[in-house]
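Numbering (my numbering), first residue to last: 14 to 277.
From the three backbone atoms N, C-alpha and C, an ideal C-beta is built for every residue, glycine too.
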């Protein structure tokens, strides 16, 4: 994946310095924007994507649009939870205040924010992202986004993220070191109407999960491993997940492997 780092057309010194720092950290090329369009920059530098440093945020210009951080659906989900309504992911994970969760697929971060809100300050959310561009954009947002209510910002700040492949990270974990392990991979059959995910598709890891990865997740989880997939997906059966009830009219389903049952 070839990419360059640049800024908006009229950057200040802080933006340019930050862009140079990121490009050095990611072993990429920093290009001064001047008056070039993104398409022109991609053509000139033979780049697939552009990491764009703005005044207060980062984004990635992909072939499918601009990828940027925003709490997104976490807003409504946290509002519902605060009003006593259920959340399908939280119900699937069976977590509560003080729980420890390994989220193996950070993506845009909404699930991790909701998980963090539920487990609170006494809990722990570790989220993994293999792609360095997604990691930079979402990681910067989780640390610096400020236009929101205190309970969402607190949940965002508590999420601890790592730029690493989940298989490698799982292998480094001790047995039963997290209460729950969660996977939300790119669906084998994409939901095309989900336009909010289009910009992330060119960057996301589209490899299917393996039985080895799931076996490691079962070892690391104290209670439960959860998979989110397209409703009707064959991945649940292939990987040994029991599909959970709920979301009758939803296009997505959750499956679980309960540790206690797997060990019987």
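DSSP three-state assignment for residue i, whether helix, strand or coil
| i | result |
| --- | --- |
| residue 33 | helix |
| residue 103 | helix |
| residue 268 | strand |
| residue 177 | coil |
| residue 134 | coil |
| residue 114 | strand |
| residue 218 | coil |
| residue 277 | Low local confidence applies: a pLDDT of 44 at residue 277 is under 50, so the model's placement there is unreliable, and no value is given. |
| residue 170 | helix |
| residue 119 | coil |
| residue 207 | Low confidence applies to residue 207: its pLDDT is 46, below 50, so where it sits in the model is not reliable enough to give any reading. |
| residue 196 | strand |
| residue 149 | helix |
| residue 156 | helix |
| residue 16 | strand |
Beta-carbon spacing of residue i, residue j below 7 angstroms
| i | j | result |
| --- | --- | --- |
| residue 100 | residue 94 | yes |
| residue 32 | residue 43 | yes |
| residue 172 | residue 183 | no |
| residue 141 | residue 114 | no |
| residue 216 | residue 108 | no |
| residue 138 | residue 152 | no |
| residue 186 | residue 117 | no |
| residue 265 | residue 233 | no |
| residue 111 | residue 135 | yes |
| residue 149 | residue 71 | yes |
Candidates the options, of which the one nearest residue i by Cα
| i | options | result |
| --- | --- | --- |
| residue 251 | 221, 230, 191 and 236 | 221 |
| residue 240 | 228, 268, 144 and 224 | 268 |
| residue 191 | 258, 24, 238 and 246 | 238 |
| residue 231 | 170, 210, 26 and 196 | 196 |
| residue 49 | 19, 255, 35 and 198 | 19 |
| residue 181 | 225, 132 and 75 | 225 |
| residue 56 | 98, 104 and 15 | 15 |
| residue 210 | 229, 27, 136 and 81 | 81 |
| residue 69 | 128, 257, 37 and 24 | 24 |
| residue 167 | 198, 145 and 130 | 130 |
| residue 214 | 46, 79, 52 and 34 | 79 |
| residue 34 | 162, 270 and 17 | 17 |
| residue 73 | 51, 169, 218 and 26 | 51 |
Pair every Cβ in the stretch 81-90 with every Cβ in the stretch 109-124, then say whether three or more of these pairs are closer than 8 angstroms.
yes
Within the stretch 33-112, note down every full alpha helix (DSSP H) run reaching 4 residues or more, in order along the chain.
51-58, 87-95 and 101-106
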